[in-house]
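In case it helps, this note's numbering puts the sequence shown at residues 15 to 490.
Here the structure is laid out as structure tokens; the discussion comes afterwards.
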Amino acid sequence: MRFRLNTHCASGPLWRAWLVVLSVVLMGSRCGGVDAVPSEMWRRDVAPPFDYGLYSDARGRLVGETSGVLLVHRSAHLEKVYADAQAGDARARRLLDQLEVATEAAGVELADKALGLGCSALPTCTVRWAELGELIPSPGPGGTRLRGLLARGFERQARREQVESAVITAALNALLVGGVAMAVEGRAASGEVRAGAAEAEKLAREGVARQRALGQVEEAAALEEAAALEVRLREAEAVAGGARQSSDLKMLERRRPSLQEPPPGVAADHPRWVDYVSYWEKRYEELAGNRSRSARLPEVKPPLEWPDYAVFRSQVQGGVDFQQGVTRALQRETTLAQSERVYLRGMSRARVDGNLGLSHEPGPVLTFVDQLAVDEASLVHGGKPTVHCFSNKQRDFTRMSEVEARYWVSMDAREALEKYGGMVEIRRPGHPLFGRKVTISKVHLIYDGRLVPQKRTRVAIQQIARKFNVEIHFHE
């Protein structure tokens, strides 16, 4: 007999979206009759600045079929909603209630498929545990709460179907800690399963202990990542090309977009359209003087027209992808021998962090460096820290003259030195240099090598940057 959660949310938009997501984390897209969607839906997602309008109406009811899934994946946004709900905010509480009910119901469905209760095609319905960890990545209390509810729904259904306890234990530990159930997937003999479950329990205990110790640090890093993206989005939007709407509030009011009335060919719940409506509303409030804004942000401009906003966000996504690729390359290089390194030469024990907050003077204003590398070996016995900052640029040199190239490289080098050079204070909690003022040892400028194909242009760029004592790299 199938267990069904008796709630209206289980049949609502978020529940249907969860079913689609579950088809991705299960090996085989035919399980349960739900068509799979690419996991890129959340992996490649770039969270916009937080706003409740991205996910709910004024009363806290979820809008669209994917907004709830995106909220669950956006760690900083989820923790913001969770904190507001705990503080008594009615809209946040209703929004969180819907997430909680649907997440527990998703655990029931996951048990049906993962344990072969609703799918006869095993082992093609084996769970990709790592994908679940990526879907609910927040180590904070909100993410922990949702993973616990997912596990509770899973356990309830599994015990109802009298699944072996060892299998349940291993699966629960994987849901709550992440990844350890890979050790028991595909084992047929019960002795092996029990051994895997014991291993999972041990790893779970260790993982929970680590999570408690690191949770606050990781949450702070996630919030800093979100803040960095918000600043960069705003700065990039201020100089974005394309048509803008009128700055006259009466005329602007007549152009107000609606979630229920998207442009032709765009679904009402398309994440980019939901983002646009939220962006438009915030820009309107700023123009009307009803929303406070940081003094460091550029002058408020009227909102972009929808087609140009879509182009702008795609360009930002490309920049984020490039930056993440550079960060991964730097982090991989920490494991290489000195002779094989390109970026981190001379560092014996390098640590690399992305989107790390720096400040040049006391106060709340931060500059977010694309990557910061510190040689932890230089910190021993109170030594002078070796710290490198990296600025990433996607600048197209393919059609530039030599004069234009010299101009832009000079501008980029000066900007990198102004933002990331000299004496700075590290502002990320948990970083070994947190709260310390340090002198940056070297500033690097990394261009997208795909946009600088000519060798002679690369040589010219390096010559120009050398005058500023900035090291140039080309990442492809």
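Where a beta carbon is used, it is the ideal one built from N, C-alpha and C, also for glycine.
What does DSSP give as the partner residues of residue i in its beta bridges?
i           : result
residue 406 : 460
residue 389 : 364 and 400
residue 490 : BP columns for residue 490 are empty, so no partner.
residue 439 : 373 and 451
residue 275 : 272
residue 484 : 457
residue 417 : Residue 417 pairs with nothing; no bridge assigned.
residue 381 : 372
residue 70  : 76
residue 258 : 318
Tell me, to the nearest whole angstrom, how far the beta carbon of residue i is from that of residue j; I am working on the premise that it is less than 8 Å.
i           : j           : result
residue 437 : residue 451 : 6 Å
residue 458 : residue 487 : 6 Å
residue 244 : residue 63  : 4 Å
residue 320 : residue 278 : Rounded, the Cβ-Cβ distance is 11 Å, inconsistent with contact.
residue 392 : residue 398 : 7 Å
residue 118 : residue 167 : 4 Å
residue 258 : residue 371 : Contact flag wrong, Cβ pair sits at about 30 Å.
residue 164 : residue 102 : Residue 164 to residue 102, Cβ: 25 Å. No contact.
residue 285 : residue 80  : 6 Å
residue 289 : residue 327 : 7 Å
residue 358 : residue 349 : At roughly 10 Å, the Cβ-Cβ gap does not stay under 8 Å, so residue 358 and residue 349 are not in contact.
residue 116 : residue 106 : That pair is no contact at about 16 Å.
residue 86  : residue 150 : 6 Å
residue 7   : residue 435 : Here the chain has residues from 15 to 490 only, and residue 7 is not among them.
If you run the structure through DSSP and keep just helix, strand and coil, what is residue i?
i           : result
residue 451 : strand
residue 474 : helix
residue 412 : coil
residue 335 : helix
residue 161 : helix
residue 445 : coil
residue 468 : coil
residue 166 : helix
residue 60  : coil
residue 348 : coil
residue 211 : With a pLDDT of 39 at residue 211, under the threshold of 50, the modelled position of this residue cannot be trusted; read the value that follows with caution. In this structure, residue 211 counts as helix in the three-state DSSP scheme.
residue 90  : helix
residue 156 : helix
residue 299 : helix
residue 284 : coil
residue 293 : helix
residue 426 : helix
residue 246 : helix
residue 102 : coil
residue 95  : helix
residue 479 : helix
residue 323 : helix
residue 263 : helix
residue 357 : coil
residue 138 : Reliability fails at residue 138, whose pLDDT of 33 lies under 50, so the model's placement of it is uncertain and the value that follows must be treated cautiously. Residue 138: coil per DSSP, three-state reduction.
When you compare each of the options to residue i by their alpha carbons, which one comes out closest?
i           : options               : result
residue 439 : 110, 401, 283 and 96  : 401
residue 242 : 154, 373 and 347      : 373
residue 376 : 297, 319 and 449      : 449
residue 112 : 152, 96, 124 and 123  : 96
residue 152 : 108, 88, 118 and 107  : 88
residue 104 : 150, 268 and 66       : 66
residue 271 : 463, 295 and 262      : 295
residue 465 : 332, 432 and 341      : 332
residue 314 : 363, 293, 454 and 474 : 293
residue 273 : 485, 78, 345 and 472  : 78
residue 171 : 109, 423, 363 and 124 : 124
residue 510 : 420, 490 and 395      : There is no way to answer for residue 510, as the model of the chain reaches only from 15 to 490.
residue 361 : 389, 396 and 461      : 389
residue 369 : 275, 246, 156 and 109 : 246
residue 330 : 108, 85, 297 and 409  : 409
residue 433 : 396, 470, 463 and 380 : 380
residue 365 : 447, 412 and 297      : 447
residue 324 : 297, 287, 304 and 60  : 287
Step through the CB atoms of chain B and report whether any lies within less than 7 Å of the CB of residue i.
i           : result
residue 376 : Absent from the structure: chain B. Only one protein chain is present.
Inter-stretch contact (C-beta, 8 Å, three-pair minimum) for the region 350-367 and the region 408-426: no
At least three beta-carbon pairs within less than 8 Å, the region 326-342 to the region 381-397: yes
Answer yes if the region 470-483 comes into contact with the region 426-434, meaning at least three C-beta pairs across the two stretches below 8 Å, and no otherwise. yes
Taking one C-beta from the region 69-78 and one from the region 249-268 each time, how about it: are there three or more such pairs within less than 8 Å? no
Should the region 82-97 be regarded as contacting the region 149-160, the criterion being three or more beta carbon pairs within less than 8 Å? yes
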